[in-house]
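Protein chains in written order, with the numbering used here: chain A, 1194 to 1576; chain B, 10 to 113.
Think of the CB as a built atom: it goes at the ideal place given N, C-alpha and C, for glycine as much as any other residue.
What follows is a set of notes on a single structure, which appears directly below.
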Amino acid sequence: MARRKKYRVLLISGDRTHQEGYAAAFHADPRAVIVAVADDTEASAERHALNREMAQRYQVPYINNLDEALSMREIDLISVCPEIERRGRVILRCAGRGVPLFLDKPLAGTSEDIAEIQAAVNGAGVTAQMYSFTSTPWAKAARKALRSGELGELIAVHAEALFAKGRAGTAPADLVRRERGTPDRYTFTEAKRELFDLGIYATVLCLWLADSPVKQVTAHTANYFFAEHASVNVEDFGALVLEFESGAVGSAIGGRIGFYSHPKIGPHGVTVVGTGGTRTFSAWDPHVEVFADEARPELPDPHPADPMSMWRSTQAESGVPRKMGWLAFEDEADWGNKEVSSFLDCLDADRTPDVGVDLAASATEVILAAYRSAARGEPIQLT
Amino acid sequence: MSTTIAMAIESGRIGRPVFVRWMERVDSDPGSALETALGVVSNWFGGEPASSHQPDGSDLHSSMLARWPGGELALLIAAPVSFMAEPGLDLAVIGARGALYHRV
């Protein structure tokens, strides 16, 4: 049945956030049209300027007042991507608008924000989806294998999302990280909390596949690779063990390991362990390996506004090359489009997304518990 | 395998080894496999771990998250091999400025 019109998308926050990828994916989908970029008045002048750049690129208005933006009638969904420190307040106001929400990951930076977002989204009855890797071909293949019964009953699941970005080898060699139980800041120019920002991918995959509440979390964090992370005292790596109420065991690793440490963008995959055997679903299998008389990709000098290559705009500006030694059958450049497409599929079919606000909240709480575990050096009970 | 990797580590190409993900598919006791894995990794890290956490396993599966005094970590998993498949190992050794991968 033909749909009557396109989804009119309001973007909250713009360039040098993950919105760069989400906006491109909405723009690429024929079912959606970006109608405006907006942010709250409390955002910094620099943030407003970066938001304007995105609005100019998509040739839509920029609204520097969230109330004014949310009062627009011509909105069918909102893609919400403010800094973690503002995320709770902004999502609460967006939930009140009563239209579907596409949410950046992780959901928020405090338990209070997570609980308020979950209550507001559920209370408003709006469809919400947090960005994750559940729409990737490898994650879907893992779930299909699990559901088919070929692996028997689930006893363990492992997921990893390690990003081969940035110039590694600069962290102080003798630094043994001492974690703090409650992160007090998430947003920096030169670094991100990688357990939080990348570990969430692996954690979501574990929770999604295990389909059971997490009973206990044991975790460690580290400063292995980057002086940038060490200089602002945030981790570049984290590892978790999850014990589910079902009795299954999960393990998740997330981190940024350096540009030269993987032939693609880093180890990404899921291993499902069942009573009937074990299967690994890697993002890079199958692939073709190419060897040729050509220059190897060289990491350029770091972009001063983004030394860790977090954003697609700054990666393009500084000329970060794409590694072509491995040609995976499934192109990772399409993962973002698949995720946004899955969200629109849910809206079209009036279906609940795989990673709705409840799973998003649970996974983000697991990450916050992981910081407490790493700080105390002991498991943390969640239920 | 363990000797080749030890030599690669000693060559300094990947910098200081900081994390190992050891995923072994076994057709025997996973607890014994994990014990052997821990010995190999301890050799690479130059000593015994300072702490470890091992969730309740089963006859089929065993896993461990271990931390060494210098902050190095290892996630060790021994899991059942699938019907008609061969035992095998999927290994990642991540160093401070490089990585080794081995899959068989």
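In chain A, what lies closer than 7 Å to residue i by C-beta?
| i | result |
| --- | --- |
| glycine 79 of chain B | Val1369 |
| glycine 107 of chain B | Tyr1453, Ser1454 |
| histidine 62 of chain B | Thr1411, Val1434, Pro1572 |
| arginine 34 of chain B | Thr1471 |
| serine 67 of chain B | Ile1348 |
| aspartate 99 of chain B | Thr1473 |
Let's test the definition: count the other Cβ atoms within 10 Å of the Cβ of residue i and tell me whether it reaches 16, buried, or not, exposed.
| i | result |
| --- | --- |
| glycine 80 of chain B | buried |
| glycine 1207 of chain A | buried |
| valine 1481 of chain A | exposed |
| arginine 1371 of chain A | exposed |
| serine 1444 of chain A | buried |
| phenylalanine 92 of chain B | exposed |
| methionine 32 of chain B | buried |
| alanine 1553 of chain A | buried |
| threonine 1545 of chain A | exposed |
| alanine 1357 of chain A | buried |
| methionine 1194 of chain A | Residue placement at methionine 1194 of chain A is poorly supported in this model, since its pLDDT is 49, which falls under 50; the coordinates are not used for a value here. |
| glutamate 1387 of chain A | buried |
| proline 1497 of chain A | exposed |
| valine 102 of chain B | buried |
| methionine 1323 of chain A | buried |
| glycine 21 of chain B | exposed |
| valine 1397 of chain A | buried |
| proline 1376 of chain A | buried |
| phenylalanine 1430 of chain A | buried |
| arginine 1340 of chain A | exposed |
| aspartate 1499 of chain A | buried |
| aspartate 1404 of chain A | exposed |
| aspartate 68 of chain B | exposed |
| proline 1406 of chain A | exposed |
| serine 41 of chain B | exposed |
| serine 72 of chain B | buried |
| methionine 1517 of chain A | exposed |
| lysine 1198 of chain A | exposed |
List, in order along the chain, the chain A residues whose C-beta lies closer than 8 Å to that of residue i?
| i | result |
| --- | --- |
| isoleucine 86 of chain B | Ala1349, His1351, Ser1444, Thr1464, Val1466 |
| phenylalanine 54 of chain B | Those within 8 Å of phenylalanine 54 of chain B in chain A number zero; the least Cβ separation is about 13 Å. |
| histidine 144 of chain B | No information on residue 144 of chain B is available, as it lies outside the stretch 10 to 113 that chain B covers here. |
| alanine 94 of chain B | Gly1470 |
What does residue i reach in chain B if we use C-beta pairs closer than 7 Å?
| i | result |
| --- | --- |
| arginine 1472 of chain A | Ser91 |
| phenylalanine 1418 of chain A | Ala105 |
| alanine 1568 of chain A | The contacting residues do not exist; alanine 1568 of chain A stays about 13 Å from chain B at best. |
| isoleucine 1450 of chain A | Ile103, Ala108 |
| glycine 1362 of chain A | Gly24, Ala105, Arg106 |
So which residues of chain A does residue i contact, with C-beta pairs closer than 9 Å?
| i | result |
| --- | --- |
| isoleucine 14 of chain B | Under the 9 Å cutoff, chain A gives no residues; its nearest Cβ is about 15 Å from isoleucine 14 of chain B. |
| alanine 17 of chain B | Correct list: empty, because the minimum Cβ distance to chain A is about 13 Å. |
| leucine 74 of chain B | Thr1411, Ala1412, His1413, Ala1432, Leu1433, Val1434, Ser1444 |
For residue i, which residues in chain B fall below 9 Å Cβ to Cβ?
| i | result |
| --- | --- |
| isoleucine 1458 of chain A | In chain order: nothing, as chain B lies at least about 13 Å away. |
| phenylalanine 1430 of chain A | Val27, Phe28, Leu82, Ile103 |
| glycine 1529 of chain A | By Cβ distance, chain B contributes nothing, its closest Cβ being about 25 Å from glycine 1529 of chain A, past 9 Å. |
Would you please state the rounded distance, in angstroms, between the beta carbons of residue i and residue j? I believe it to be under 8 Å.
| i | j | result |
| --- | --- | --- |
| valine 49 of chain B | serine 11 of chain B | 5 Å |
| aspartate 1306 of chain A | valine 1533 of chain A | Going by Cβ atoms, the distance from aspartate 1306 of chain A to valine 1533 of chain A rounds to 24 Å, so no, they are not a contact pair. |
| proline 39 of chain B | histidine 70 of chain B | 6 Å |
| isoleucine 1591 of chain A | isoleucine 1393 of chain A | Examination of residue 1591 of chain A is not possible in this model, given that chain A is present from 1194 through 1576 alone. |
For a contact defined as C-beta to C-beta under 8 Å, what are the partners of residue i on chain D?
| i | result |
| --- | --- |
| alanine 1366 of chain A | In the structure shown, chain D cannot be found, because the protein chains are A and B. |
(message) Runs of 3 residues minimum, wholly inside the stretch 1378-1423 of chain A: which ones carry the beta strand (DSSP E) assignment?
(response) When DSSP assignments are scanned along the stretch 1378-1423 of chain A, the uninterrupted stretches of beta strand (DSSP E) that are 3 or more residues long and fall wholly within it turn out to be 1407-1415.
(request) Evaluate contact between the stretch 1555-1568 of chain A and the stretch 1238-1256 of chain A, counting only Cβ atoms and requiring at least three cross-stretch pairs below 8 Å. (result) Short answer: they don't touch.
(request) Note down, one range per segment and in chain order, each alpha helix (DSSP H) of at least 4 residues found wholly within the stretch 1481-1560 of chain A. (result) Scanning the stretch 1481-1560 of chain A from its first residue to its last, the whole alpha helix (DSSP H) runs of 4-plus residues come out as 1505-1511, 1528-1542.
(message) If we require 4 or more residues per run, which alpha helix (DSSP H) segments fall completely within the stretch 1287-1311 of chain A?
(response) Annotation: the stretch 1287-1311 of chain A contains no complete segment of the alpha helix (DSSP H) (minimum length 4 residues).
(message) Quick check: the stretch 1306-1324 of chain A against the stretch 1272-1284 of chain A, are at least 3 beta-carbon pairs closer than 8 Å?
(response) Yes, they touch.
(message) Under 8 Å, with one C-beta from each stretch per pair, do the stretch 1448-1468 of chain A and the stretch 1343-1355 of chain A reach the 3-pair mark?
(response) Between the stretch 1448-1468 of chain A and the stretch 1343-1355 of chain A, the count of Cβ pairs shorter than 8 Å is three or higher; the stretches touch.
(request) Could you name each continuous alpha helix (DSSP H) segment of 4 residues or more that falls completely within the stretch 1304-1358 of chain A, going from the start of the chain to the end? (result) As far as the stretch 1304-1358 of chain A is concerned, its whole alpha helix (DSSP H) runs of at least 4 residues are 1304-1317, 1330-1341.
(message) Taking 8 Å as the cut-off, does the stretch 1430-1438 of chain A touch the stretch 1357-1367 of chain A (at least 3 CB pairs, one atom from each stretch)?
(response) In short, these stretches do not touch, since the Cβ pair count stays below three.
(request) With a floor of 3 residues, list each beta strand (DSSP E) that falls wholly inside the stretch 69-112 of chain B, ordered by position along the chain. (result) Whole beta strand (DSSP E) segments, 3+ residues: 71-76, 82-89, 97-104, 107-112.
(message) Does the structure place the stretch 105-113 of chain B close enough to the stretch 1485-1492 of chain A that three or more beta carbon pairs sit under 8 Å?
(response) No, the stretch 1485-1492 of chain A does not touch the stretch 105-113 of chain B.
(message) Three Cβ pairs or more, each shorter than 8 Å: is that satisfied between the stretch 1291-1308 of chain A and the stretch 1320-1337 of chain A?
(response) These segments touch.
(message) Ignoring anything shorter than 4 residues, give me the alpha helix (DSSP H) runs that lie fully in the stretch 1248-1288 of chain A, in order along the chain.
(response) Segments of the alpha helix (DSSP H) lying fully in the stretch 1248-1288 of chain A: 1259-1263, 1277-1288.
(message) With a threshold of 8 Å, are at least 3 pairs of Cβ atoms found where one atom belongs to the stretch 1224-1240 of chain A and the other to the stretch 1270-1281 of chain A?
(response) Segments in contact, yes.
(message) Report the start-end ranges of each beta strand (DSSP E) in the stretch 1214-1249 of chain A that is 3 residues or longer and not cut off at the edges.
(response) Counting only runs that start and end inside the stretch 1214-1249 of chain A, the beta strand (DSSP E) elements of at least 3 residues fall at 1225-1231.
(message) I'd like to know if the stretch 1326-1343 of chain A and the stretch 1525-1539 of chain A are in contact, where contact means that at least 3 CB-CB pairs between them fall below 8 Å.
(response) At 8 Å Cβ cutoff, the stretches touch.
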